[in-house]
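Worksheet for the structure shown next.
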Amino acid sequence: MKACLLNAESGKEMEADMNVVAKLRLGKTEIIWQVCIATIRDDILIGMDLLKEVDGIIMARQCDLLIKDELIPGWYRKETDYQISRVTVAIDTTLEPMAETNVIGKGDCPKESVVGVLDPASLQNGCHTGSVLVEMKEKIPIRIINPTQQKIMQSSGTQLGKLVEVVDIDNGNSDTDNSDTDIPNYTDRLPEYLEPIMDSTGENLTSHQNQEVAKLLMELKNIFAKNDIDFGCFSGIQHQIKTGEARPIRQPLRRISLGFQSEEKAHLDKLLQSETVVPSHSEWSVPVVLHRIGKDHCNADALSRYPETSHVCDCYKAGMDPLTLACNGCQHGSKLHTQWEKFEADVDDVLPKATRRITAIDPNDNTDSHCTWIEGYSRMQLQEEQLKDSVTKNLIEWMKHGPPECNHIVKECPALRHYWLCFQHLSMRDGVVYYKWKTIDDEKELFIVPESLKKEVLEVCHKSVLAAHPGIHRTVEKVRLNFYWYGMRNDVASYISCCQQCAVNKKARKLAVHQCKIIRLVHQWTAYS
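Going by numbering that gives the first Met the number 0, the first residue of the sequence shown is number 0, and it counts up by one from there.
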């Protein structure tokens, strides 16, 4: 029979089926009863008429139902702040008479890492369950006591009780509560770098214990690192390093790449600003001394370092009388005139000294330094030579449309893979590809030589009159002034090893050994020296 009921919680109307005969089972008690089926939030609502019929008693304190001496454990819904799990017998177990047996129980709501307590209860067969403090897993150990004189069979599914989560409650007296209010709140005063330590430490602590931990962290806050470049400072132990008469140990310096110099300098400045490291001028410090070998100081001698104290006069002109000049024959002008007269006496034909003049520079002049090294090539011709070469042609395409992906470049030649890795150092101007070579002092663009011009560049830098057949190291330095290509050092070494003039003038590495002659012995025991 359909009926219209009023929901007491929301005040809305709802349809229900009235007088539906159903078979209910409460524990081991079964009963035929008329029920009402409606869309409510609860699974079932038991009325007082049903409880009177089955002689049931609700034990509100334990949240259990007692029907005819049968205790049916109950449990709270999940609206509570703590977990509750109903425990039953997992497997059939035989209880020995006058003994305590450990039984495997099964929880219907297992919760890992949650500790619960099983309240002691009396079973219908006269057995009793003991109090157990265990983790609320799916299978838990239960203590059952059989005080009777006979064996009792506990079948699987038998209710043993409910497992309730243990809640930590501070039961302090009034004096303790008043004293807690006097303790300052150290948790709010913690610096930012100590908050992760406090969060990981105070998960399972009380509020009073958290304050004690925060107070300890505040007292020892200097021993913890404040950031990634800080080491912390601990002065609890004083120690002294006795070096005796040992000399300072100096570590050899290491060289770093140009691209990493700026990053290392920024990191070192950050350490100095945070006072993590401080400058030292003691004998144990290792100052950096920049040294240049003596053969690179070709223009340095004692006289060149002598300071110039005389006045420099720019009025003198070669061949003119110093007295007729604007300086009226100063000491510097007279010295220059004396040197010029001596030069005229030693040399037969003397051309007049070049005069100073200002030369205008054409801003549209596109002549580069590498164009003067390779005679007869304009910038347009250099661009055409690069387009003929497969490697430099790809570089021009990269500069116009961007470099390819990593999975496409692995199939290319080693030269293209090298240029792909250092693509940020490439540049293109007027259709010609250059390599930006960075030094400590400046940055310049080097012409990337195609395959057709490599031999000509090597001849200019090695066989020309000004080059005078230098070695591998000097030839590489001369080539690197204006040119660049992949495998340049190996090409220079291979070219010099095939140079006939270098092979003729080069000294032999091994001493010549005279050819041994065979000496025939005429008489026995004859000595030869």
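Backbone N, C-alpha and C fix where the C-beta goes; we use that ideal spot for every residue, glycine too.
As DSSP reads the structure, residue 98 sits in a beta bridge with 145. The residues 116, 117, 118, 119, in chain order, have a CB closer than 7 Å to that of residue 130 in the same chain once the five nearest residues on each side in sequence are set aside. Within the same chain, 213, 217 come within 8 Å of residue 188 by CB-CB distance, once the 5 residues on both sides are set aside. Counted as a single uninterrupted DSSP element, the alpha helix (DSSP H) harbouring residue 271 occupies residues 257-272. Counting C-beta atoms within 10 angstroms of its own C-beta, residue 46 has fewer than 16 neighbours from the protein chains shown and is therefore classed as exposed. Taking a 10 Å sphere around the C-beta of residue 67, we find fewer than 16 other C-beta atoms and assign the residue as exposed. Cβ-Cβ distances below 8 Å link residue 443 to 435, 436 in the same chain, with the five nearest sequence neighbours on each side left out; the list follows chain order.
CA-to-CA, the gap between residue 492 and residue 450 works out to about 16 Å.
Sixteen is the threshold: when 16 or more other Cβ atoms of the shown chains lie within 10 Å of the Cβ of residue 106, as they do, the residue is buried. Within the same chain, Cβ atoms closer than 8 Å to the Cβ of residue 149 are found at 96, the five residues on either side in sequence being excluded.
Spanning the alpha carbons of residue 88 and residue 192 requires a straight line of approximately 51 Å.
The beta-carbon separation of residue 52 and residue 113, rounded to 39 Å, does not stay under the 8 Å limit for a contact. Of the other Cβ atoms in all chains shown, fewer than 16 fall within 10 Å of the Cβ of residue 190; this residue is therefore exposed. Residue 312: not part of any beta strand (DSSP E); DSSP gives it neither H nor E. In the DSSP assignment, residue 428 is bridged to 431. Between the stretch 412-421 and the stretch 480-487, the count of C-beta pairs closer than 8 Å reaches three or more; the two stretches touch.
Within the DSSP secondary-structure output, residue 482 pairs in a beta bridge with 446. Residue state for residue 471 is assigned as helix, using DSSP reduced to three classes.
DSSP places residue 24 in the strand class (E or B) of the three-state scheme. Residues 312, 314, 315, 332 of the same chain have their beta carbon placed closer than 8 Å to that of residue 326, with the five preceding and five following residues left out of the count. Annotated as distal: residue 335 and residue 328, with beta-carbon spacing of 8 Å or more.
Cβ contact annotation for residue 209 (same chain, cutoff 8 Å, sequence separation greater than five): 186, 197, 201, in chain order.
Rounded to the nearest angstrom, the Cβ distance from residue 432 to residue 408 is 17 Å, too far for a contact under 8 Å.
Leaving aside the five residues that flank residue 228 on each side, the residues in its chain whose CB is nearer than 7 Å to its CB run, in chain order, 269, 270, 273, 275. When the five nearest sequence neighbours on each side are left out, the beta carbons in the same chain lying within less than 7 Å of the beta carbon of residue 20 are those of 31, 33, in order along the chain.
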